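K.L.:
Residue numbers (this note's numbering): 86 to 237.
1. Which of the three DSSP states is assigned to residue 149 in this structure?
2. If distances are taken between C-alpha atoms only, which option among 139, 231, 167, 105 comes closest to residue 96?
3. In terms of residue numbering, what span does the alpha helix (DSSP H) encompassing residue 100 cover?
4. Using a Cβ-Cβ cutoff of less than 8 Å, which residues in the same chain neighbour residue 157 once the five nearest sequence positions on both sides are dropped?
5. Beta carbon of residue 232, beta carbon of residue 108: below 9 Å?
6. Kindly indicate the opening and closing residues of the beta strand (DSSP E) around residue 155.
7. Closer than 6 Å by C-beta to residue 228: which residues in its own chain qualify, once you throw out the five before and the five after it? Chain order, please.
8. Could you give the distance in angstroms between the alpha-carbon of residue 120 and the alpha-carbon of residue 235?
9. Suppose contacts are defined by Cβ-Cβ distances below 9 Å. Is residue 149 in contact with residue 133 by that definition?
10. Got a sec, what are the start and stop residues for the beta strand (DSSP E) residue 163 sits in?
11. So what does residue 90 bridge to, in DSSP terms?
12. For residue 183, count neighbouring Cβ atoms within 10 angstroms of its own Cβ and tell me buried if that reaches 16, exposed if not.
13. Roughly how many angstroms separate the alpha carbons of residue 145 and residue 163, rounded to a whole number?
14. Going by beta carbon distance, what residues of the same chain come within less than 7 Å of residue 136, once the five residues before and after it are set aside?
15. What three-state label does DSSP hand residue 172 in the structure shown?
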């Protein structure tokens, strides 16, 4: 049986989501790994620090991911890589990336970037709410239970 792990892209993960994930990992007996550039000053037993280069955290996290892992990230490109490795991925807001819809998410991201390059403006993320915390906890708990059921 493989080690049960949650890997977190901590560069852009809200503190509340990070605390929820760490709490669920303790509850379920899973290992929780955080990844961030040295600019973020995070510490911990299972924290991996990388340089501040573009995409450095994403590449390290993608390289470390194994089939069956659960990865928390807001980065759609990273989520696509994770899904390709037969691991699960979700956002800190509780959206689970689905292999059948990842191409749609990538295209949507590209269209928004093209719009911004052309001078358009898109909205930034909304302020985090208690509902976001609950949705994230529910989604992560769902993926962890599903993974445990698969490993039996």
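C-beta: ideal position from N, C-alpha, C; glycine also. These figures come from a predicted structure and were not determined experimentally.
P.N.:
The short version:
1. In this structure, DSSP gives residue 149 a helical state, which the three-state scheme calls helix.
2. Checked all of 139, 231, 167, 105; the closest Cα to residue 96 is 139.
3. That run of the alpha helix (DSSP H) goes 100 to 113.
4. Only 91, 92, 93, 94, 98, 102, 106, 174, 175, 176, 177, 225 meet the Cβ criterion.
5. The criterion of a C-beta distance shorter than 9 Å is not satisfied by residue 232 and residue 108.
6. Start and end: 155 to 157.
7. Cβ-Cβ distances below 6 Å link residue 228 to 155, 173 in the same chain, with the five nearest sequence neighbours on each side left out; the list follows chain order.
8. So the alpha carbons of these two residues sit roughly 26 Å apart.
9. Closer than 9 Å, so yes.
10. DSSP places residue 163 in no beta strand (DSSP E) but in the uninterrupted alpha helix (DSSP H) bounded by 161 to 169.
11. In DSSP, residue 90 forms a bridge with 116.
12. Taking every protein chain shown into account, the CB of residue 183 has fewer than 16 other CB atoms within 10 angstroms, so this residue is exposed.
13. Approximately 11 Å, taken between the alpha carbons.
14. Here the set comprises 122, 123.
15. In the three-state scheme derived from DSSP, where H, G and I count as helix and E and B as strand, residue 172 is classed as coil.
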